[in-house]
Structure formats: C-alpha cells, structure tokens
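Undergrad:
2 protein chains.
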Amino acid sequence: MSTPLRIGVAGLGTIGGGTVKLLVQNADLLAARCGRPVTLAAVAEPNRNRNPGVNMDGVTWYEDAMALVDSDVDVVVELIGGSGGIALKLCQAALARGKHVVTANKALIAHHGTELARAAEGAGVVLNYEAAVGGGIPIIKALREGMVGNGFARVYGILNGTCNYILTTMRETGREFADVLREAQELGYAEADPSFDVDGVDTAHKLAILASVAFGCEVDFQAVHVEGIRQISAEDIQFADELGYRIKLLGVASRTDGGVEQRVHPCMVDKKAPIASVEGVFNAVVAEGDFVDTTMYVGRGAGERPTASAVVGDIGDIARGLRVPTFGVAAGSLARLPTRPMSEHTGAYYVRLTVVDKPGVFADIAGALRDHQVSMESVLQRGRDPGEPVSVVMTLHETVEADMTAALAKIEASPAVVEPPHMIRIEEF
Amino acid sequence: MSTPLRIGVAGLGTIGGGTVKLLVQNADLLAARCGRPVTLAAVAEPNRNRNPGVNMDGVTWYEDAMALVDSDVDVVVELIGGSGGIALKLCQAALARGKHVVTANKALIAHHGTELARAAEGAGVVLNYEAAVGGGIPIIKALREGMVGNGFARVYGILNGTCNYILTTMRETGREFADVLREAQELGYAEADPSFDVDGVDTAHKLAILASVAFGCEVDFQAVHVEGIRQISAEDIQFADELGYRIKLLGVASRTDGGVEQRVHPCMVDKKAPIASVEGVFNAVVAEGDFVDTTMYVGRGAGERPTASAVVGDIGDIARGLRVPTFGVAAGSLARLPTRPMSEHTGAYYVRLTVVDKPGVFADIAGALRDHQVSMESVLQRGRDPGEPVSVVMTLHETVEADMTAALAKIEASPAVVEPPHMIRIEEF
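Protein chains in written order, with numbering that gives the first Met the number 0: chain A, 0 to 428; chain B, 0 to 428.
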C-alpha cells in the first residue's frame with residue numbers, strides 16, 4: 000500500500016487553493032493515516048497568477064482542466080464550479096477514463112448526481128462530494144456510513160452560511176435585510192450577485208443531495224420548494240423573539256406516506272432547540288434516524304480551509320481504498336419516489352398582517368381562518384393607533400398549507416388589510 | 000459481493016438487545032446499502048430469558064461467549080462490558096482467530112486499546128468501537144476519516160449523559176445534586192452505584208479514546224486527570240447563571256508543546272457557546288482541526304437504540320470492506336506522547352468561598368491571590384450578614400493551576416474561611 004495516490008486539482012479558486020495547501024502542508028499526517036503518500040501531482044487552472052502560496056515543485060500545471068483526464072493522476076478533483084459546462088464535462092470524461100472523482104460542486108451533483116453516480120459505478124471508480132454539503136462537516140459520511148443502519152424520516156439543516164450570517168446579524172442589531180446584505184457583501188460573506196444564497200437556491204442544491212443519501216432515492220432538485228430570506232423583516236425577527244423563536248433558513252427533507260417533501264424556506268424554530276443556537280456563518284445538519292434518534296452536526300459551511308478539509312476527507316477515503324456507493328446504495332437501486340407537493344405540507348404558521356386599526360377587522364380575519372378550518376393559537380397587536388395601519392401577528396395551529404394559503408388570500412382581499420400578509424412556517428422538532 | 004456477512008453478538012443486555020433488533024428489523028435496508036446481506040448468525044448469552052423480542056429463527060444461541068470464536072461468524076460483536084475479564088478474553092481470542100471485532104466497551108478500549116489494535120493489525124482484521132464514545136454519534140468515523148486531513152489541537156465534549164442530565168435538572172429545578180441523583184436512579188438514568196458516571200470515570204474512558212484517535216497516540220487512560228460532579232451545588236449553578244455560564248462535565252484533551260493534557264472535570268462554559276445548549280441525556284463532541292476549524296457532533300450518548308446504531312455502523316463498514324487503522328494510524332506508529340501534568344494547566348477559574356462576614360476578610364483573600372500571582376476578574380458577595388458565614392464568588396483571570404492551588408490552600412487556612420473553597424475551571428472556546 001505504499002504506492003502514492005496521485006491527485007490532480009482542477010480550479011485554483013478559494014477551495015482549490017485551500018485543497019492544495021492542505022495536501023502540501025499536512026502531507027506527512029495524511030500519508031501516516033492513509034498508509035501511503037497522497038501526492039499533489041497536477042493542477043489545472045488557466046489563470047497562472049492563482050498561486051496557492053505553497054511549494055509547487057514537481058506539480059504539473061495545466062491550463063486546460065481536460066488535460067487531467069489524459070494525465071497520470073488517479074483522482075481528479077473538480078473545484079471549478081457550475082452546474083454544467085466544463086465541470087460536468089471534466090467529471091464525465093474523468094469517470095469514463097476510470098479516474099476517481101472528488102468534487103465540491105453542489106450545483107453539479109444536484110443537477111447531474113444520479114447520472115454521474117451511474118457513470119462512476121459503471122467504471123468501477125468512486126465519486127465523492129462531501130464538500131458539496133455543509134462545508135467542512137462530514138455529513139455525507141455520517142449519513143452514508145456512520146448511521147448506515149438507520150431509516151431516516153427527516154433530515155434538515157442550516158445549509159447556507161451567508162443566510163445564517165444575515166439572519167443572525169439582523170437579530171443582533173435590529174437592522175433590515177438590505178442593510179445587512181450590503182454589509183455582508185462588503186465583508187466578503189455574500190456574493191455581488193447574492194441570489195443563489197439569499198433566494199435559497201444554494202440551500203436547495205444541498206438539500207436535494209441530502210435527501211438522496213438519506214432516503215436512497217434519485218437526486219430530485221426540481222422537486223424542491225424554494226423560498227429565500229428577502230421577505231424577512233426586522234419586525235418579524237423581533238416578533239419571533241417575543242414568541243420564543245429564532246428565524247432560520249432551513250432546508251427540510253421528509254419522507255412521508257404521501258411521498259418525499261423537500262422544502263427550503265425561512266422557519267421559526269424554538270429558541271431552545273439546539274439548531275437555534277447555530278449562529279453566524281456556521282451550518283448545521285440534523286438527521287433523525289429510526290434507531291439513532293436525533294443527531295446534529297455543526298461546523299463552518301464554507302471557506303477555503305473547512306471546505307478543503309472535506310475535499311481531502313474524500314481523497315483520504317480513496318487513498319485508503321474505502322468505497323461506498325455514491326448515494327449510499329447502488330446507483331441502479333436508487334428509488335424514484337413521488338413528491339409530496341407543498342400544498343399538502345402540514346405545519347404551524349406565523350402570520351404578520353398590516354391592518355387598519357378599526358373595529359371589525361379582527362372579525363374578518365377570524366372569519367377567513369374559520370372558513371378554511373385554520374385554528375388560531377395566539378394573536379398579538381403591537382400598539383393602538385385608531386384608523387392607522389398597525390401590525391398584527393398571529394400564530395396558527397398545525398394546518399394544511401393549501402388551507403393556510405386560501406385563508407391568507409381571503410385575508411389579503413379584506414379592505415382593512417393594507418399589505419400582503421407575511422407568512423413564516425413554524426417548524427416543530 | 001453477495002456473500003452474507005455473518006454476525007455473532009455476545010451479550011444480550013441493553014445494547015445487545017438493540018443491536019439484534021436493528022439487524023433483524025432493518026435487514027433489507029442494511030443489505031441494500033452494504034451490497035450484501037448482513038446476517039445475525041449467532042448470539043451468546045447465558046441468560047436464556049433475555050430475548051430481544053424479534054424472530055430468532057436460524058440464529059444459534061450459545062451460552063458461552065467464547066463459543067463464538069470457534070463458530071462460523073465473520074464478526075464477533077462484544078457487548079458484555081467490563082475492562083477485562085471475559086470481554087477482553089473474547090476480543091483477544093476472536094482477533095487471534097482472524098475474526099473482525101466490534102465492541103461498545105469503552106473501559107476495555109481505554110485500558111487495552113493499544114494492545115488490541117496491534118492484535119487486530121497483526122491478524123489483518125478490523126477492530127471497531129464507534130459505540131464506545133458518544134453513543135449514537137459517529138464521532139470516531141468523523142475524526143478518523145471525515146477529518147483525516149486535519150491536525151487536531153483540542154477535542155472535548157459532554158461524554159456522559161447521566162451527568163449532563165443531573166446538571167441540567169439541577170439548573171432547571173434549583174435542586175441539589177443528591178436529590179437529583181436519587182431521582183435519576185429511580186428513572187433509570189443513573190446506576191444504583193453511580194460512581195463510574197458521576198465521578199467522571201466513564202467520561203475519562205471516552206476521552207482517552209478520543210485523544211488517541213485525534214492525536215495518533217497510544218491510549219493513555221492513566222494519564223487522565225479525573226474529577227466528577229458530586230461537589231457541584233445548586234448555589235454554584237445559580238452563580239454560574241448570573242455570571243453568564245452553564246456548568247458541564249467536560250472531557251478535554253489538548254495537544255500542547257508541553258505534552259498531551261487530558262482532563263475530566265466540571266467546567267463553566269459560556270451560555271452562548273453551542274455546547275452549552277446541549278442538555279439532558281444528550282452528548283456532544285467538539286473537534287478543532289487546523290483546517291476544518293470547530294466542528295460539533297451532538298446526539299444521544301446512551302440507550303438501546305442509539306448505541307445499536309453505532310454498533311451497526313461499525314458492522315456496516317466491515318460488510319462494505321472498509322478498513323481503517325483502529326486509532327487512525329498503523330498501530331505500530333502510535334506515538335507515546337508525554338503527559339502535561341494538571342499542575343501546568345492554564346485557564347480561568349471560578350471560586351466560591353464561605354467566609355465570615357467581617358472587615359479584613361477580603362484583604363486576606365486578595366493577599367493570598369497576589370502572593371501567587373493570581374489576578375482577580377470579578378468578585379460577588381451574596382447578601383450581608385455581619386459576623387455570619389456568607390458566600391463570596393470570585394472569577395480569576397487565566398493563571399497556572401499550580402498557582403491557583405497554592406493560593407486556594409492559603410485562602411483555606413484563613414480563620415475567616417469556614418469551608419474548603421469550591422473551585423470550578425472556566426473553559427474558553
């Protein structure tokens with residue numbers, strides 16, 4: 000087992016740079032643990048100025064990533080990014096040539112995971128993607144191996160550090176979303192185009208992957224219901240606090256009798272729930288197994304070094320000869336499970352209304368709820384200002400989403416309701 | 000790969016019963032994930048009344064655990080318990096016969112881990128022990144594999160659910176230790192002889208194992224400094240709350256320039272630290288890697304089903320042909336690292352004194368601290384009662400344990416100090 004494992008890293012951006020650093024700086028440690036040298040043999044990066052700042056002597060530098068396919072590396076590490084394009088082409092070609100593939104690319108796995116898993120299995124090589132979900136947290140390994148004996152009913156988590164940073168900062172400072180987003184962009188915690196993060200798409204990519212591993216089904220990104228955090232106001236966060244909740248953007252995948260439910264949206268979570276204390280750029284994944292019960296995994300969800308840790312975890316498995324099916328079961332056995340539509344989701348709700356403070360308004364609202372069998376748990380009016388708009392906050396007992404939606408449409412149509420209702424789902428753990 | 004893996008379970012107590020249940024109830028799931036049947040072939044249990052309540056047709060029942068060594072099982076699962084005796088003899092004999100061994104026995108691994116790892120390596124078989132630390136949490140796998148690229152400076156955790164339950168209940172109810180312990184015994188959360196749990200021995204077993212995996216060193220249980228929670232009073236918990244802390248029994252292993260520090264004792268932890276919110280019977284392990292940064296793993300630390308999940312995780316690895324050195328590196332390469340003695344520990348401290356409320360007392364205390372270069376951060380006297388004993392609480396800035404101990408001895412000798420000082424270390428994360 001003393002043959003070196005030869006690694007080729009494609010893409011020297013943040014994660015690529017971190018991966019190269021780790022492979023060079025911790026080479027002795029890695030060799031001792033893996034029982035063989037793990038050697039950075041090649042990198043592929045068109046921009047020659049992207050030097051990771053470590054000794055690259057003996058490392059072949061290609062400008063074209065596809066050159067790795069024909070090189071003598073054993074493992075191609077795809078850190079280019081993007082849900083298709085060169086990243087997809089590189090992974091397909093590398094697998095076809097019998098090379099192991101490691102990637103941190105959640106968009107790629109969310110869109111092409113099933114197809115790539117089949118290609119890897121057909122070629123008898125490994126496709127690993129630990130860094131695609133939860134940054135440095137070894138959550139794929141925990142689900143696929145550590146909890147291999149468990150059936151999973153639900154897996155959920157805080158999967159996007161940018162959103163969690165924004166929501167945490169909004170709560171701590173009382174500031175509004177747009178203001179905090181701008182600051183996050185200045186600090187480098189959010190992209191210039193923040194849409195993938197704040198509109199929930201990144202979380203949805205990761206959730207679709209988690210669902211596949213937990214439930215043994217094909218990755219079904221299209222089935223994810225996605226909402227982001229742009230609608231969350233400082234007032235909502237304040238009300239949540241008063242009601243005993245924190246607001247978190249969660250991805251939640253549940254296996255129900257009616258099919259798989261995959262949803263990404265802001266959630267009210269009990270302040271005392273352990274996930275509520277996961278703040279700032281940290282991510283957390285909770286897996287509920289039928290034997291292990293509730294387990295939670297917390298760590299940095301992004302960044303050069305944590306993500307490199309996950310990439311090298313995947314490489315270490317290959318060096319040690321550990322092979323596990325991409326999504327936990329043979330690719331040919333991945334189930335096609337029906338999707339439970341969001342309209343059938345059941346849960347509790349928080350609703351914030353802006354209404355004109357006058358007699359009879361509350362009767363209209365209560366009537367709309369009654370007409371759709373939605374049962375109120377609490378109602379809270381902030382201040383009194385006759386004839387002027389005031390905020391009214393309600394929490395509703397567990398109900399079906401379709402009924403809630405219909406009741407809200409009726410409420411919105413009431414002349415005393417001066418803004419579209421703001422609804423946030425309450426998540427029970 | 001469709002040859003079944005044949006499992007023999009020794010000991011049908013709580014964990015053995017859960018393991019048998021899992022293997023039978025989730026057999027199809029396990030076979031799909033492992034690519035081969037995982038078959039419960041035999042059990043060994045002298046008490047024929049211990050039936051796990053599942054269909055045991057076709058399962059050979061031995062009364063003598065040693066009979067598994069000569070049977071046709073591929074894996075011997077040792078769930079008998081105890082740091083030596085039959086458990087040790089069984090594991091030694093099974094490894095010598097070329098059978099894989101899975102155990103949940105922390106005392107055994109803490110005392111004989113290095114020797115057993117060498118035996119496993121010599122025989123070319125696997126020794127797995129995920130269930131020995133953190134119950135259902137796959138923490139050994141996370142350290143040994145998921146974070147394989149990281150050097151670790153510190154690993155610590157809440158490793159005993161009984162202690163965490165007692166401390167949580169004391170805080171929630173304001174009751175004293177002895178009272179809550181008695182209730183925990185009635186509820187089955189604590190043993191009739193609670194010493195292993197409340198005196199920190201169980202935590203120390205687990206910590207010694209974690210340190211070995213994190214630092215690549217021989218298991219050194221004797222080097223662990225161990226204190227339990229019997230001295231914690233309701234008053235300490237109340238003061239901790241006022242100072243912004245929670246009291247947790249932690250096991251902390253640090254790799255320092257002066258050697259490895261392994262210590263088990265009650266700690267004051269910042270209420271806002273994620274580990275502070277891990278309550279009741281839950282366990283948590285925090286690993287700090289040089290690339291991944293801080294990661295935390297939370298789950299049930301004991302119980303039939305969570306522990307069975309970890310045992311079957313180990314079995315699943317064997318079924319899939321995954322082999323990792325017992326403590327992360329080849330047994331022959333495990334380092335013998337020097338121990339940093341507790342006297343060289345540096346940290347902040349909380350001290351509660353019972354002193355006679357009269358002029359000059361505080362000058363004596365302050366003088367003793369000054370004489371040993373201990374610097375005070377805050378002091379708090381509860382109430383005034385001239386001439387009578389009152390509680391005084393101090394927090395001390397980071398100092399060396401030997402100086403703190405010397406200062407406390409001098410303080411205790413003061414005639415106005417009517418009880419031995421209560422010292423609790425403050426842990427910084």
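Note that CB positions come from ideal geometry on N, CA and C, so glycine has one too. These figures come from a predicted structure and were not determined experimentally.
Between B/V197, B/E171 and B/S276, which has its C-alpha nearest B/A233's C-alpha?
TA: Closest by alpha carbon: B/E171.
Undergrad: Determine the chain B residues that contact A/L430 at a beta-carbon separation under 9 Å, and present them in chain order.
TA: Outside the shown range of chain A, which is 0 to 428, sits residue 430 of chain A, and nothing can be said about it.
Undergrad: State the start and end residues of the unbroken beta strand (DSSP E) segment that holds A/N25.
TA: Note, A/N25: premise wrong, no beta strand (DSSP E); not H, not E.
Undergrad: Name the chain B residues whose beta carbon is nearer than 7 Å to that of A/M146?
TA: Simply P137, S308 and G312.
Undergrad: Show which residues of chain B have a CB atom less than 8 Å away from the CB atom of A/K247.
TA: Ordered by position in chain B, no residue passes the 8 Å Cβ test against A/K247, which lies about 14 Å from the chain.
Undergrad: Using a cut-off of 7 Å between C-beta atoms, extract the partners of B/N25 located in chain A.
TA: Those within 7 Å of B/N25 in chain A are G148 and G150.
Undergrad: Got a sec: is the Cβ-Cβ distance from B/S253 to anything in chain A below 7 Å?
TA: Taking Cβ atoms only, chain A never reaches closer than 7 Å to B/S253, which makes this a no.
Undergrad: For the 8 Å Cβ check, are there 3 or more pairs between the region 325–345 of chain B and the region 38–55 of chain B?
TA: The region 325–345 of chain B, when compared against the region 38–55 of chain B, does not touch it at the 8 Å Cβ threshold.
Undergrad: Using a Cβ-Cβ cut-off of 7 Å, state whether A/S276 counts as contacting chain B.
TA: For A/S276, the answer is yes, since a Cβ of chain B falls inside 7 Å of its Cβ.
Undergrad: Taking Cβ positions, are A/A307 and A/G17 nearer each other than 7 Å?
TA: Yes, Cβ-Cβ distance for A/A307 and A/G17 is below 7 Å.
Undergrad: Leaving out the 5 sequence neighbours to the left and right, which residues in its chain are closer than 6 Å to A/D289 when beta-carbon positions are compared?
TA: N149 and G150, listed in sequence order.
Undergrad: One question on the structure: do B/I14 and B/L78 come within less than 7 Å of each other, judged by their Cβ atoms?
TA: Yes.
Undergrad: Going by DSSP in three states, B/R181 sits in which element: helix, strand or coil?
TA: DSSP places B/R181 in helix when its eight states are reduced to three.
Undergrad: Please decide whether A/R5 counts as near chain B, where near means a Cβ-Cβ distance under 7 Å.
TA: With 7 Å as the cut-off, A/R5 does not count as an interface residue toward chain B.
Undergrad: If you drop the 5 nearest sequence neighbours on each side, which residues of the same chain put their C-beta closer than 7 Å to that of A/Q230?
TA: H421, listed in sequence order.
Undergrad: List, in order along the chain, the chain A residues whose C-beta lies closer than 9 Å to that of B/A31?
TA: The answer, in chain order, is G215, G327, V328, A329 and S332.
Undergrad: Report the neighbours of A/P273 on chain B: residues whose CB is nearer than 7 Å to its CB, in chain order.
TA: Correct list: S276, V277 and V297.
Undergrad: In chain B, which residues lie less than 7 Å from A/R319 when you measure between Cβ atoms?
TA: Neighbours of A/R319 on chain B, chain order: V323.
Undergrad: Taking Cβ positions, are B/D242 and B/C266 nearer each other than 7 Å?
TA: Per the sequence shown, the amino acid found at residue 242 of chain B is Leu instead of Asp. Result no, Cβ atoms of B/L242 and B/C266 do not sit closer than 7 Å.
Undergrad: Looking at the unbroken alpha helix (DSSP H) that takes in A/Q237, where does it start and where does it end?
TA: Segment A233 to L242, the alpha helix (DSSP H) holding A/Q237.
Undergrad: Give the straight-line distance between the Cα atoms of B/A30 and B/G320, rounded to the nearest whole angstrom.
TA: Answer to the nearest angstrom: the Cα atoms are 13 Å apart.
Undergrad: In angstroms, rounded to a whole number, what distance separates the CA positions of B/V212 and B/S276?
TA: Answer to the nearest angstrom: the Cα atoms are 26 Å apart.
Undergrad: So within the region 194–220 of chain A, which uninterrupted alpha helix (DSSP H) runs reach at least 4 residues, ignoring any that extend past its ends?
TA: The region 194–220 of chain A contains these whole alpha helix (DSSP H) runs: 194–197 and 200–214.
Undergrad: Output the distance between the C-alpha atoms of A/G84 and A/D73, rounded to the nearest integer angstrom.
TA: Their Cα atoms are separated by approximately 22 Å.
Undergrad: Could you tell me how far apart the beta carbons of A/N159 and A/D201 are, in whole angstroms, since I believe they sit closer than 8 Å?
TA: Going by Cβ atoms, the distance from A/N159 to A/D201 rounds to 5 Å, so yes, they are a contact pair.
Undergrad: Taking a contact to mean a Cβ-Cβ separation below 7 Å, would you say A/L89 touches A/A122 in this structure?
TA: Not closer than 7 Å, so no.
Undergrad: Got a sec? Which residues, its chain only, sit under 6 Å from A/R381 by beta carbon, not counting five neighbours each side?
TA: Within the same chain, A/R381 has close Cβ partners S390.
Undergrad: Name the chain B residues whose beta carbon is nearer than 8 Å to that of A/F428?
TA: Ordered by position in chain B, no residue passes the 8 Å Cβ test against A/F428, which lies about 12 Å from the chain.
Undergrad: A/R96 and A/V68: beta carbons closer than 7 Å?
TA: Contact flag set, yes.
Undergrad: Going along the chain, which residues of the region 183–208 of chain B sit with their C-beta nearer than 9 Å to a C-beta in chain A?
TA: Of all residues in the region 183–208 of chain B, none has a Cβ within less than 9 Å of some Cβ in chain A.
Undergrad: Can you tell me which of the three DSSP states B/T18 falls into?
TA: If DSSP states are grouped into helix, strand and coil, B/T18 belongs with the helices.
Undergrad: Rounded to whole angstroms, what's the CA-CA distance from B/K205 to B/K105? Just pull it up for me.
TA: When rounded, the distance between both Cα atoms is 6 Å.
Undergrad: The beta strand (DSSP E) that contains A/A40, what's its start and end?
TA: From DSSP, the beta strand (DSSP E) with A/A40 extends over V37 to A43.
Undergrad: Are the C-beta atoms of B/R339 and some chain A residue less than 7 Å apart?
TA: No, no contact with chain A.
Undergrad: Please list the partners that B/K140 has in chain A, where partner means a Cβ-to-Cβ separation under 9 Å.
TA: Residues of chain A passing the Cβ test: P137, K140, A141, E144 and G145.
Undergrad: Using only alpha-carbon positions, find the residue among A/D356, A/A286 and A/A318 that is nearest to A/P273.
TA: A/P273 has its Cα closest to that of A/A286, out of A/D356, A/A286 and A/A318.
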